[in-house]
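Worksheet for the structure shown next.
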Amino acid sequence: MPPTPTKIKLAAGNNTLAIHWSDGHESAYPYRYLRGKCPCATCDEAAPVPEQAVGGLPILGQKPLHPERAELVGRYALQIYWSDGHASGIYAFPYLRALCPCPECTAMREVAEPRG
Amino acid sequence: MSSRVSPQDVLNALRAVKDPDLGRDIVTLGFIKELEVGDSRVSFALQLTTPACPVRDQLVAQARAAVAALGVAKVDVRLAAPAPAHAQSRTLIPQVKYSIAVASGKGGVGKSTVAANLAVALHRAGATVGLMDTDVYGPSVPILMGGSDAPYVVEGKIEPPVAYGIKIISMAYFLPKDEAVIWRGPMLHKTIQQFLGDVRWGELDYLIMDLPPGTGDIQLSLSQSIPLTGAVIVSTPQDLALSVASKAIAMFQKLNVPILGIVENMSYYLCPKCGNREDIFGHGGAREAAKKLNFAFLGEIPLDLSIREQSDAGKPVALDDSTIYGKAFQEVAGTLAAQVMIRNFDKAEDISIE
Numbered sequence: 001m002p003p004t005p006t007k008i009k010l011a012a013g014n015n016t017l018a019i020h021w022s023d024g025h026e027s028a029y030p031y032r033y034l035r036g037k038c039p040c041a042t043c044d045e046a047a048p049v050p051e052q053a054v055g056g057l058p059i060l061g062q063k064p065l066h067p068e069r070a071e072l073v074g075r076y077a078l079q080i081y082w083s084d085g086h087a088s089g090i091y092a093f094p095y096l097r098a099l100c101p102c103p104e105c106t107a108m109r110e111v112a113e114p115r116g
Numbered sequence: 117m118s119s120r121v122s123p124q125d126v127l128n129a130l131r132a133v134k135d136p137d138l139g140r141d142i143v144t145l146g147f148i149k150e151l152e153v154g155d156s157r158v159s160f161a162l163q164l165t166t167p168a169c170p171v172r173d174q175l176v177a178q179a180r181a182a183v184a185a186l187g188v189a190k191v192d193v194r195l196a197a198p199a200p201a202h203a204q205s206r207t208l209i210p211q212v213k214y215s216i217a218v219a220s221g222k223g224g225v226g227k228s229t230v231a232a233n234l235a236v237a238l239h240r241a242g243a244t245v246g247l248m249d250t251d252v253y254g255p256s257v258p259i260l261m262g263g264s265d266a267p268y269v270v271e272g273k274i275e276p277p278v279a280y281g282i283k284i285i286s287m288a289y290f291l292p293k294d295e296a297v298i299w300r301g302p303m304l305h306k307t308i309q310q311f312l313g314d315v316r317w318g319e320l321d322y323l324i325m326d327l328p329p330g331t332g333d334i335q336l337s338l339s340q341s342i343p344l345t346g347a348v349i350v351s352t353p354q355d356l357a358l359s360v361a362s363k364a365i366a367m368f369q370k371l372n373v374p375i376l377g378i379v380e381n382m383s384y385y386l387c388p389k390c391g392n393r394e395d396i397f398g399h400g401g402a403r404e405a406a407k408k409l410n411f412a413f414l415g416e417i418p419l420d421l422s423i424r425e426q427s428d429a430g431k432p433v434a435l436d437d438s439t440i441y442g443k444a445f446q447e448v449a450g451t452l453a454a455q456v457m458i459r460n461f462d463k464a465e466d467i468s469i470e
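Going down the list, the protein sequences come from chains R and Y.
Okay, so the first sequence: first residue is 1 according to the working numbering, each after it adds one.
Okay, so the second sequence: first residue is 117 according to the working numbering, each after it adds one.
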C-alpha cells in the first residue's frame, strides 16, 4: 500500500503545511509552493499565483496566503480551501507525496529526471 | 472452590479464546467490557466490532466455557453493541459504521441481486442495514425488495422506505415509471450527495451501495464524497467478465478504496428436477482470480430459477436460509463481515487535520 497521510497540520509554522505520512516520512510544504501546484483544471502551471486580487486593487488587512481549511476527499485526496478563495484543487495523496520539497525527496526526483 | 476468582484470573482464562480471523485473543483485542466478579458469579460483555460477525456465537460459547472452567458457578456473557468506527464521523453519513460498494465491471452479472440479498443476509445476521441503489440509469433495487412504499420528506430530510427491515433509497422512487434518466455528471454527483446526506438513514452498521456497472461518474462521485469502507466485486465465472471486472478493481485501487472481496455469481446451475449441476459459465474463474490478485474470495452464488422468480416477486432468496441460495448468501455475508472487521481493526482510521 502506498503511504498515506496520518496527520495534516495546516499551520505548521513558517507558512508551511505539514504532513506526517504512514511510512514515517514528514513533509513541509510552503504555502505559495503548494498553492502554485494546484492540480485543478483552471490552474495553469506556467502562470504564477497573483499576490493580490486580480484587478490590481490592493486588499487592505488581508492576511498572506494560507490554507483556511482542508477536507479529505474520499480516501485518496485532500481538498484545500485557500485564503485567496481558490478551493477547486483536489490533491491526491500520491501527488502530494511527489511534491514533497524535502532534500531527500528532491534528491530522488533529481535522480529520476536529472536536470541538464 | 470457595475463594473468589479475581478479575485478573478471569482475564487470564479468557486469553485462551482467540478470534480466528484476527489471530489474537479477545482480551488483547479489547473485546471484554464491563467485567464484574461476584462471589460465585462472573459477568461481562463481549463487544465485537460487527454484529454480523460469523464467529460471534462461537466466541460467546468459548468465553463462557473458559470462565466456567475456573469453577465459577454462574457465568453471564452478553453481547455489547459494537463500538462505532470513526472513519465516517466527519462525513455526510456520520451514523453509518461501514459503507460498502457493490460493483462489477460489466452489466448483467447480477450485481443488484447480490447487493440486495447481501443486505438481507447481513440484517438477518443481526446488523442494521441500509441499501442505496445508485444505479440511476437502471434502478432495480425497489423491485427486488418488493417495495411499494414511497419515501417522504420530513423537515428537509428524506425518510427512506423500509423492506424486510432494511432502509432503501433508489432513483426509482423519484421518477415516474418508464421515464429515463438522461443526465450529465453534475446532476449525478448532486444525486449521490443527496442520497448520502439528505436521507435519514439513522444508525446503521452497514450501508450497502448498489453501483451502476463499470467505472463512471457515480463511482467517482461516491469515492469522493465519503471514505468508502470498501468494495465488493461481483463477477460471473467467465474470464471475460473478470477482465472487465479488473477495470473496476483498478479504479478502486486508484481511489484507495479497499477491495473487500470477490463474489462469483451465476457460479453454476442446479437443475431443480434432477439435481444435475451444470457449470454453464465455467466455474471457479473468479475464485482463481481472487487468489491470483490476492483478494478475499467471498463465495459462490449458484444460478437458479428461483432467484430470478423471487427477485421478480420482490422476495430476496436470502430471506430463507434453509435453501442453498439462502445459505450461499449467508456465507458471503459472513465472510464479508469478517473481512470488514479484519481490515478496519488495526487501522488508524482517522487522518487528523488540524
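Think of the CB as a built atom: it goes at the ideal place given N, C-alpha and C, for glycine as much as any other residue.
- With respect to the 8 angstroms criterion, Asp249 of chain Y and Ser286 of chain Y are classified as neighbours on the basis of their beta carbons.
- The Cβ-Cβ distance between His66 of chain R and Tyr31 of chain R falls below 8 angstroms.
- Under a criterion of Cβ atoms nearer than 7 angstroms, no residue of chain Y is adjacent to Leu99 of chain R; the nearest Cβ is some 17 angstroms distant.
- Where Ala112 of chain R is concerned, the enclosing alpha helix (DSSP H) starts and stops at 103 to 112.
- Listed as beta-bridge partners of Thr166 of chain Y by DSSP are no residues whatsoever.
- Ser339 of chain Y is positioned such that its CB atom lies closer than 8 angstroms to that of Gly74 of chain R.
- One finds Asn372, Ile467 in chain Y with Cβ atoms closer than 9 angstroms to the Cβ of Thr4 of chain R, taken in chain order.
- In the assembly as shown, Tyr268 of chain Y is an exposed residue. Its beta-carbon has fewer than 16 other beta-carbons within 10 Å.
- Nearest to Trp317 of chain Y by alpha-carbon distance, out of Y:Pro343, Y:Met303, Y:Pro277, is Y:Pro277.
- Looking at the backbone, the Cα of Ile142 of chain Y and that of Leu435 of chain Y are separated by about 31 angstroms.
- For Ile342 of chain Y, at least one C-beta of chain R is nearer than 8 angstroms to its own C-beta.
- Counting only unbroken stretches of 4 or more residues, the alpha helix (DSSP H) elements lying wholly within the stretch 240 to 315 of chain Y are 257 to 260, 301 to 313, in sequence order.
- Just so you know, the alpha carbons of Gly332 of chain Y and Ile298 of chain Y end up roughly 14 angstroms apart.
- Chain Y places no beta carbon closer than 8 angstroms to that of Gly13 of chain R, leaving this residue out of the contacts.
- Under the Cβ criterion of 8 angstroms, Ser339 of chain Y is counted among the residues facing chain R.
- Counting only runs that start and end inside the stretch 415 to 453 of chain Y, the alpha helix (DSSP H) elements of at least 4 residues fall at 421 to 429.
- The criterion of a C-beta distance shorter than 8 angstroms is satisfied by Gly263 of chain Y and Ala279 of chain Y.
- Within the same chain, Cβ atoms closer than 7 angstroms to the Cβ of Ala179 of chain Y are found at Leu130, Val133, Ile142, Leu162, Val193, the five residues on either side in sequence being excluded.
- Using beta-carbon distances, Tyr91 of chain R does not count as an interface residue toward chain Y, since no partner is under 8 angstroms.
- Glu319 of chain Y and Glu404 of chain Y have their C-alpha atoms some 37 angstroms from each other.
- Per DSSP, the unbroken alpha helix (DSSP H) holding Pro94 of chain R starts and ends at 93 to 98.
- Within its own chain, the residues whose Cβ lies closer than 7 angstroms to the Cβ of Lys190 of chain Y, once the five positions on either side in sequence are excluded, are Ser156, Arg157, listed in chain order.
- A contact between stretches requires three or more CB pairs, one per stretch, nearer than 8 angstroms, and the stretch 370 to 390 of chain Y meets this requirement with the stretch 226 to 244 of chain Y.
- Between the alpha carbons of Gly430 of chain Y and Ser256 of chain Y lies a distance of about 10 angstroms.
- With fewer than 16 neighbouring CB atoms inside 10 Å of its own CB, Asn410 of chain Y falls in the exposed class.
- By the neighbour-count criterion, in which a residue is buried when 16 or more other Cβ atoms sit within 10 angstroms of its Cβ, Arg240 of chain Y is buried.
- Comparing alpha-carbon positions, the option among Y:Glu150, Y:Pro388, Y:Ala402, Y:Leu234 lying closest to Gln446 of chain Y turns out to be Y:Leu234.
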